[in-house]
Amino acid sequence: MIHENTPVLIGCGQATDKRSPEEASTVIQLMVEVAKKAAADAGSAEATLNSIDTLIALGLTVDAPEAASGASGMVRNVPHAVSSALGINPDQKLYTRTGGNTPQMLVNRYAEHIANGESSAVMIVGAEALSTMLSRLKNGMDLDAWMDDSGGDPHMLGDDRPAASDHEMQYSIQTPSVSYPLFENALRVKYGLSLQTHQKKLGELYQRFNAVASQNPLSWFPTPRTAAEISTVSESNRYVGFPYTKYLNSVIQVNMGAALIMTSVAKARELGVAEDQMVYLHGCADANDIWNVSDRANYYSSPAIRTMGEQAFKMSGKTIEDMDYFDIYSCFPSAVQIACDELGIAHDDERGLTLTGGLPYFGGPGNNYVTHSIATMMNVLRANPGKFGLLNGNGWFITKHSLGIYSTQPVEGQWRRQSPASYQQTVLDVPHPPFTEIPNGKAVVETYTVLHGRQGVERGLVIGLLEDGTRFIAETPDDSDTLQAMMQQEMIGVSGRVESGGTKNLFKPDI
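So for the sequence shown, our numbering puts the first residue at 162; every next one is plus one.
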């Protein structure tokens, strides 16, 4: 028997706007467009929109404190602006903080609200229009239509802790293109691969994502690329953070929007939603790894994803073998590999690892990618009744995680999830090395990267261990010989000396 308060996804909408900057939508217009599409997808657009009692807008990249953007607050109250444009006035209008895990976290949280009778119809909506906005600024065009000071300050939802410690920020570890290569190089050693074999594997892994994106009409970059083209440095594909080339990085400068509508089964039936349109959340979980990158147990695993997977499979009564479809969060290859390792999915699983094509090719619209992921999963499952799909969201730097298991097959009985608080502490209690901001003495490299700008190689970054096992962060000498050597030989395990002083620590490797 299906309980009347069982949460169910009834509508989804997506849009990719590639029009010229003169014609393209503002970010609020894009959100309104996909919200209307989601309502129409449910089957009764006006009634569905009028039933919304909770509207949650995903935080815009320009509003993130760490972005330090001059465009922050351009729309003072995003959920208010979207609601007003839709002509509705939900009881709750919320705006989220930063995190790529956020859309799935919202589905998990508000599914529980619906199951408990605290909400009956929830809309989750988000968009990015950075490509249009930056093009307009570059071409001297105004942004008057983008401004909205109404509605007062929004009610915020989400963790407001800073992305990184002050010490980590001295080394720009709060920047994903800086931090994710640190995980990737550690994975290479875990897998026992040479530099050349590892680089080839990265191209092969993401070529499979690219192949899906090239067939997806919503993709921002649908251009087919070979594995060698993706992983090999060229004039159009420079290194960003070694070993990642440009084509291995998520792309945030897009114009894309997506929206979801979730109700109780009782509300869905009241709205006349067809049974074959309903997609059920069978299993879900949320967990954070140890917050600061410098405090992690290591740089090749995620106790949070492992724990989260166990919880979601237990809730659903399913295993990884029961899943027919995946969309693994793919901002960078290390995020894919670590999630697969912890969930028990082969990197070349014949079921495929993405439905959209992934963040570097489909597009990485800030905090909102997973809204697209869920919407795409909904449509695939509707076309394949009774099949099961798993997707995950990842925020910050393998830090915040959410997971959902979906199917058109109804959830029998009362919907319940385990409180994330009941298992979060076990993740935080995982042993990890002590850390010092002022290291001195002999040391070895635990992981590293070499960072590049548009003009070429810039600096080497090391996370290392002193002889007593204490961890530190340092830069290397910036001479060409050192930086080139760091990209031509395995640096993990290389010894040297670290000295503290000035604004940054300096590690001199014995190479």
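Just so it is clear, CB atoms sit at the ideal spot from N, CA and C, and this is done for glycine as well.
CB-CB under 6 angstroms to residue 446, same chain, minus the five flanking residues each way: which ones, in chain order?
Result list for residue 446: 469, 472, 473, 564, in chain order.
Under 7 angstroms between C-beta atoms of residue 500 and residue 588:
no
Please list the terminal residues of the continuous alpha helix (DSSP H) segment that includes residue 501.
494–504
Should residue 348 be labelled buried (16 or more other beta-carbon atoms within 10 Å of its own) or exposed?
buried
Would a C-beta distance cut-off of 7 angstroms place residue 528 and residue 263 closer than the cut-off?
The beta carbons of residue 528 and residue 263 sit closer together than 7 angstroms.
In three-state terms, what does DSSP make of residue 665?
coil
With a threshold of 7 angstroms on Cβ separation, who are the neighbours of residue 407 within its own chain once the five nearest residues in sequence on each side are excluded?
398, 399, 401
Does DSSP classify residue 428 as helix, strand or coil?
helix
Buried versus exposed, by CB contacts within 10 Å (16 or more), residue 512
Exposed: under 16 other Cβ atoms inside 10 Å.
Could you tell me the distance, in whole angstroms, from the CA atom of residue 556 to the CA atom of residue 503?
Cα to Cα, residue 556 sits roughly 16 angstroms from residue 503.
CA-to-CA distance, residue 393 to residue 305, given in whole angstroms:
As the crow flies, the alpha-carbon of residue 305 is around 42 angstroms from that of residue 393.
According to the Cβ coordinates, are residue 316 and residue 216 closer than 7 angstroms?
Residue 316 places its beta carbon 7 angstroms or farther from that of residue 216.
Can you look up residue 567 in the DSSP assignment and give me helix, strand or coil?
strand
DSSP state of residue 545, grouped into three classes?
coil
For residue 385 and residue 301, what's the separation of their Cα atoms in angstroms?
33 angstroms
Nearest to residue 505 by CA position, among 551, 493, 543, 524, is which residue?
Per the Cα distances, 551.
According to DSSP, simplified to helix, strand and coil, what is residue 211?
DSSP places residue 211 within a helical segment (H, G or I) once states are collapsed to three.
Is the beta carbon of residue 434 closer than 7 angstroms to that of residue 569?
no
Which partner residues does residue 285 have in the DSSP bridge list?
217, 421
Are residue 494 and residue 363 touching if we call contact CB-CB under 7 angstroms?
yes
In terms of residues, what are the limits of the beta strand (DSSP E) holding residue 626?
617–627
Could you tell me which residues DSSP puts in a beta bridge with residue 168?
425
For residue 208 and residue 432, I'd like the C-alpha separation in whole angstroms.
Straight through space, the alpha carbons of residue 432 and residue 208 are spaced by roughly 7 angstroms.
For the ligand MN, I want to know if residue 315 counts as a neighbour, meaning its beta carbon is within less than 6 angstroms of at least one of the ligand's heavy atoms.
By its list of ligands, the structure shown contains no ligand whatsoever, and the ligand MN lies outside what it can speak to.
Output yes or no for whether 7 angstroms exceeds the beta carbon distance between residue 288 and residue 188.
yes
Residue 572 and residue 486: beta carbons closer than 7 angstroms?
no
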